[in-house]
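The structure appears right after this line, and notes come after that.
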Amino acid sequence: MLEGLPQTNNAAEALAVLIAVQKTPSRDDLTIKTDSKFVIDALTSGRRKAENTAWMLQSNRKTLEPIIATIRRRKGKTTLVKVKGHSGITGNEEADKLAAKGADQPHQQEVDIRVPNKVKVKGAELSCMTQALLYAGIRREKAGKTPPRRKATAGLDAARYAAKEKAGLTPKDETIWKSTQAKSVPNNRQKEFLWKLAHDTLKCGSFWEGKPGCEHMVNCPSCEVTETAEHTLTNCRSSGQETIWKLVNKMCEERNIPWSHPDIGTITSCGIPCIKNGETGKIRTGASRLRTILIAQSAHLIWKLRCEWRMGHRGDPAKVHTKREIHNRWVDMINRTIRFDIMAAKSKNPIRGAPRPATALHTWINTLQDDSILEDIIAGRRWRVDGVLVGILARKNEGNQARP
Ligand SMILES: [Zn+2]
1 MLEGLPQTNN
11 AAEALAVLIA
21 VQKTPSRDDL
31 TIKTDSKFVI
41 DALTSGRRKA
51 ENTAWMLQSN
61 RKTLEPIIAT
71 IRRRKGKTTL
81 VKVKGHSGIT
91 GNEEADKLAA
101 KGADQPHQQE
111 VDIRVPNKVK
121 VKGAELSCMT
131 QALLYAGIRR
141 EKAGKTPPRR
151 KATAGLDAAR
161 YAAKEKAGLT
171 PKDETIWKST
181 QAKSVPNNRQ
191 KEFLWKLAHD
201 TLKCGSFWEG
211 KPGCEHMVNC
221 PSCEVTETAE
231 HTLTNCRSSG
241 QETIWKLVNK
251 MCEERNIPWS
261 HPDIGTITSC
271 GIPCIKNGET
281 GKIRTGASRL
291 RTILIAQSAH
301 LIWKLRCEWR
311 MGHRGDPAKV
321 HTKREIHNRW
331 VDMINRTIRF
341 DIMAAKSKNP
351 IRGAPRPATA
361 LHTWINTLQD
371 DSILEDIIAG
381 RRWRVDGVLV
391 GILARKNEGN
401 QARP
């Protein structure tokens, strides 16, 4: 496959047609038999729309545009014929074999993907444009010119490494971006937090360097190192991370979910389901969802506690949250999540992002004080979810209670 082209079936099929039209002498009649509905549609019914919108919605522009340009310049007749794929048609079977062979070949085919100015359709039809399309076009144009940020690349690589270690996957950047917005991440604030974490854009440490009046924000007052998101979430003595990850550990143990103190990549890639059944090798949906919820919420809580301490109390060591307070805040947060999750699953009116009842059951089973509560709700024998649900109890009679 040529460098810079998407590595997909559609791209490979379009490339094959491009080679065919370029290798056939211009005066000869040419009949292209293909089983690719994509290529036929793109060259016939989809062509006008693609050209009218300046190819803004077409990911295979690099191959489709030169095909159209070459066909336009041909003097002979060009015919496209759709054949049925994988049905014993000799030419088609041979083509599949050649395609497989081609995929293994290290050398790149010599293909000209330039489009001569004479036959190039420039710009878009104004009457076919919408505001959304124009905006998408501007973004695409800008994206091609801006090199990726070094910090963002490092954040994504850390997430990729963690996904490799935990689930044997090597996710692409897009997969990691999408995973930060996964349905299993409980709410939009946490999605936004994970997104910022993956791109290293949370405001801390060196961000404040040289900003007048913000000198005290550069270093962690407790550990006396330059503050980073990684430090706060996984190493800091005062952010409460240790207490919170211990609680997560306890809950994971109850559910037989492998757990070790997380690194930054584990947190950013938490939306990728990775808990597998030891025997079948299949993903344990409920357990993976629980892990995602626990990591996303816990990391976000640590960050919130850090902001309260650093911004609200200007990092005063005397005003660090106590272990008891952190414990109760976490239990309270998880309780609210369980309550919302199972009530959303049971709701008669559809709620966006709500789990199915079976998914909610499989997520929270074995983590509550009394699993019968969950079963009763799912079965419709019980309608309210009161009191403390999570098996880890709030610390009482020790002074401050959790804030609402
Ligand atoms: Zn620290």
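When you line the sequence shown up against the UniProt record's numbering, it's residues 1 to 404, in that order.
We put the beta carbon where it would ideally sit given N, CA and C, even for glycine.
* **Whole-angstrom distance between alanine 379 and glycine 399, CA atom to CA atom** => Bear in mind that the predicted position of glycine 399 carries a pLDDT of just 46, short of 50, making it too unreliable to give a figure here.
* Give the DSSP-derived three-state secondary structure of threonine 79 in the structure shown. => strand
* For proline 186 and histidine 107, the rounded distance between their alpha carbons -> At histidine 107 the pLDDT is 47, less than 50, meaning the model places this residue with poor confidence; the figure from the coordinates comes in the next sentence. Going from the Cα of histidine 107 to the Cα of proline 186 covers about 47 Å.
* Can the beta-carbon of lysine 120 be found less than 8 Å from the beta-carbon of alanine 69? -> Yes. Within cutoff.
* If you run the structure through DSSP and keep just helix, strand and coil, what is asparagine 52? -> helix
* **CA nearest to the CA of alanine 17, picked from Lys49, Ile67 and Tyr135** => Inspection of the sequence shows that residue 17 is occupied by valine rather than by alanine. Per the Cα distances, Ile67.
* To do: Determine the extent of the alpha helix (DSSP H) in which lysine 33 is found, giving its start and end residues.
  => No alpha helix (DSSP H) contains lysine 33, which is instead part of the beta strand (DSSP E) from 30–34.
* **Inter-residue Cα distance where the pair is alanine 198 and alanine 159** => Straight-line Cα distance between these residues: approximately 8 Å.
* Mind the definition here: the region 222–233 touches the region 174–190 only if three or more C-beta pairs lie below 8 Å; say whether that holds. => They do not touch, by the three-pair rule.
* Using a threshold of 8 Å, state whether the C-beta atoms of aspartate 35 and valine 83 are closer than that. => yes
* lysine 346 - containing alpha helix (DSSP H), residue span -> It spans 323–346 - the alpha helix (DSSP H) in which lysine 346 sits, taken as one unbroken run.
* Assigned exposure category for threonine 60 - 16 Cβ within 10 Å defines buried -> Note on identity: in this sequence residue 60 is asparagine, with threonine being the wrong assignment. Classification for asparagine 60: buried.
* Are the Cβ atoms of threonine 363 and arginine 306 separated by less than 8 Å? -> no
* Range of the contiguous alpha helix (DSSP H) that encloses residue 419 -> Beyond the ends of the chain as shown, which are 1 and 404, falls residue 419; an answer cannot be given.
* Do you know how far the Cα of tryptophan 330 is from the Cα of arginine 336? -> One C-alpha to the other measures close to 10 Å.
* Is the closest heavy atom of ligand 1 to the C-beta of histidine 231 under 7 Å? -> yes
* Which parts of the region 152–229 are runs of the alpha helix (DSSP H), unbroken and 4 residues or longer, counting only runs that do not cross its ends? -> 173–180 and 188–198
* **Residue of Gly281, Ile275 and Glu279 minimising C-alpha distance to threonine 292** => Ile275
* Asked: With 16 other CB atoms within 10 Å as the buried threshold, where does serine 347 fall?
  -> Per the 10 Å Cβ criterion, exposed.
* **Span of the alpha helix (DSSP H), counted from its first residue to its last, around histidine 362** => 357–364
* To do: Mind reading off the beta-carbon distance from glutamine 240 to isoleucine 295? Whole number of angstroms is fine, and I expect it under 8 Å.
  => For the record, residue 240 in the displayed sequence is glycine; it is not glutamine. The beta-carbon distance between glycine 240 and isoleucine 295, rounded to whole angstroms, is 15 Å. This is too long to meet the 8 Å contact definition.
* Neighbourhood of alanine 344 by C-beta, 6 Å cutoff - its chain only, sequence neighbours within 5 removed -> Ile351 and Ala354
* **Identity of the residues DSSP links to lysine 276 by a beta bridge** => Note: lysine 276 sits in a beta bridge opposite Ile283.
* **Contact set for isoleucine 326: own chain, Cβ-Cβ below 7 Å, skip 5 residues either direction** => Gly240, Thr243, Ile244 and Leu305
* In angstroms with no decimal places, state the Cα-to-Cα distance between glutamate 209 and glutamate 215. => 6 Å
* Asked: Hey, is cysteine 214 close to ligand 1, as in C-beta under 7 Å from one of its heavy atoms?
  -> no
* Pull up the distance between the alpha-carbon of glutamine 131 and that of threonine 63, whole angstroms please. => 27 Å
* **Check your reading: residues with Cβ closer than 5 Å to ligand 1 heavy atoms** => Cys220, Ser222, Cys223 and Cys236
* If you draw a straight line from the C-alpha of glycine 76 to the C-alpha of glycine 46, how long is it? -> 23 Å
* **Chain-order list of residues whose beta-carbon lies under 6 Å from that of alanine 50 (same chain, five-residue window excluded)** => Gln58
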